[in-house]
Amino acid sequence: AQSVTQLDSHVSVSEGTPVLLRCNYSSSYSPSLFWYVQHPNKGLQLLLKYTSAATLVKGINGFEAEFKKSETSFHLTKPSAHMSDAAEYFCVVSGGGYQKVTFGTGTKLQVIP
Amino acid sequence: GAVVSQHPSWVICKSGTSVKIECRSLDFQATTMFWYRQFPKQSLMLMATSNEGSKATYEQGVEKDKFLINHASLTLSTLTVTSAHPEDSSFYICSASPTSGGNYGYTFGSGTRLTVV
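Heads up: the sequence lines are chains A and B, in that order. Going by the numbering used here, the first residue of the first sequence is number 30, and it counts up by one from there. Going by the numbering used here, the first residue of the second sequence is number 467, and it counts up by one from there.
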């Protein structure tokens, strides 16, 4: 069994300030973890993924996430928010292979100019 | 690489008619594709797993006769919403992976906005 919890449904930051989107997971397997971004009425774009290699994962657009097994967390960060970062972000856990992926409920990021 | 094309991007249909949505993997073969439904301001819910050459596996609560899935080739899966009703209006997204998926990550289509009037 697996689950993922995104701790904040909405996050609001000022442009140029750091972004932190929180994600906790549980999994019976060694998990693979992903962050996806969705802009309004668009599909999902993969930001980054953790697959049991380096615990600090760098993704596109300046985002990165750190896998912390002891805390069962995979928080997404970015040093400086840009207006174009405003979107919905989904944390996803997979048990590997063709097992089902489980989506978090999403975090809507608002960037204030 | 790993591009998934979904068509149409939006469709409006009359109540009682059927609508077909296509999901194609453009530069890889996908023995398995997934169909999701997303309600406004909610997360994605897996509807079914589409398996090439065999029957789809539906999640609990998803009507098999309402949402027909066909995966006739390694690059194409279709979702047909039969006898559509306004409550079927939603955002439908497909995904696929060129490998086992769990380690690679899934590539998503751009989604289809279905409105039933």
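Yeah, the Cβ is synthetic: ideal placement off N, Cα and C, and Gly gets one too.
Measure how close the beta-carbons of residue i and residue j come, nearest whole angstrom, since I'm counting them as under 8 Å.
{"i": "residue 481 of chain B", "j": "residue 551 of chain B", "result": "6 Å"}
{"i": "residue 57 of chain A", "j": "residue 30 of chain A", "result": "6 Å"}
{"i": "residue 491 of chain B", "j": "residue 518 of chain B", "result": "Incorrect: roughly 11 Å between the Cβ atoms, too far for contact."}
{"i": "residue 117 of chain A", "j": "residue 133 of chain A", "result": "About 10 Å separates the two Cβ atoms, so there is no contact after all."}
{"i": "residue 32 of chain A", "j": "residue 101 of chain A", "result": "10 Å between Cβ atoms; not a contact."}
{"i": "residue 130 of chain A", "j": "residue 572 of chain B", "result": "7 Å"}
Going by DSSP, what residues sit across from residue i in a beta bridge?
{"i": "residue 525 of chain B", "result": "Per DSSP, none; premise fails for residue 525 of chain B."}
{"i": "residue 559 of chain B", "result": "B:502"}
{"i": "residue 89 of chain A", "result": "Residue 89 of chain A pairs with nothing; no bridge assigned."}
{"i": "residue 136 of chain A", "result": "A:118"}
{"i": "residue 34 of chain A", "result": "A:53"}
{"i": "residue 41 of chain A", "result": "A:139"}
By how many angstroms is the C-alpha of residue j removed from the C-alpha of residue i?
{"i": "residue 91 of chain A", "j": "residue 68 of chain A", "result": "17 Å"}
{"i": "residue 496 of chain B", "j": "residue 142 of chain A", "result": "42 Å"}
{"i": "residue 488 of chain B", "j": "residue 578 of chain B", "result": "9 Å"}
{"i": "residue 41 of chain A", "j": "residue 114 of chain A", "result": "11 Å"}
{"i": "residue 94 of chain A", "j": "residue 107 of chain A", "result": "9 Å"}
{"i": "residue 505 of chain B", "j": "residue 556 of chain B", "result": "6 Å"}
{"i": "residue 110 of chain A", "j": "residue 39 of chain A", "result": "15 Å"}
{"i": "residue 119 of chain A", "j": "residue 44 of chain A", "result": "21 Å"}
{"i": "residue 574 of chain B", "j": "residue 77 of chain A", "result": "14 Å"}
{"i": "residue 34 of chain A", "j": "residue 60 of chain A", "result": "14 Å"}
{"i": "residue 520 of chain B", "j": "residue 541 of chain B", "result": "14 Å"}
{"i": "residue 478 of chain B", "j": "residue 486 of chain B", "result": "12 Å"}
In chain order, what residues of the same chain lie with their CB nearer than 6 Å to the CB of residue i, ignoring the 5 residues before and after it?
{"i": "residue 62 of chain A", "result": "79, 103 and 122"}
{"i": "residue 501 of chain B", "result": "513, 514, 545 and 560"}
{"i": "residue 444 of chain B", "result": "Given a span of 467 to 583 for chain B in the structure shown, any question on residue 444 of chain B remains unanswerable."}
{"i": "residue 469 of chain B", "result": "492 and 493"}
{"i": "residue 3 of chain A", "result": "Residue 3 of chain A lies beyond the residue range present for chain A, which begins at 30 and ends at 142; the question has no answer from this structure."}
To which residues of the same chain is residue i closer than 8 Å at the C-beta, ignoring the five residues directly before and after it?
{"i": "residue 532 of chain B", "result": "547, 548, 549 and 554"}
{"i": "residue 46 of chain A", "result": "109 and 110"}
Excluding the 5 residues preceding and the 5 following residue i in the sequence, name in chain order all residues of the same chain whose CB lies nearer than 7 Å to its CB.
{"i": "residue 75 of chain A", "result": "63 and 65"}
{"i": "residue 49 of chain A", "result": "104 and 106"}
{"i": "residue 582 of chain B", "result": "479, 481, 550, 551, 552, 554 and 555"}
{"i": "residue 530 of chain B", "result": "524"}
{"i": "residue 528 of chain B", "result": "513 and 514"}
(message) As an exercise, report each continuous beta strand (DSSP E) stretch of at least 3 residues that is fully enclosed by the segment 471 to 541 of chain B, in chain order.
(response) 476 to 479, 485 to 491, 498 to 504, 510 to 517 and 533 to 539
(message) Which complete beta strand (DSSP E) runs does the segment 46 to 129 of chain A hold, if anything under 3 residues is left out?
(response) 48 to 50, 52 to 56, 61 to 67, 73 to 79, 85 to 87, 93 to 97, 102 to 107 and 116 to 123
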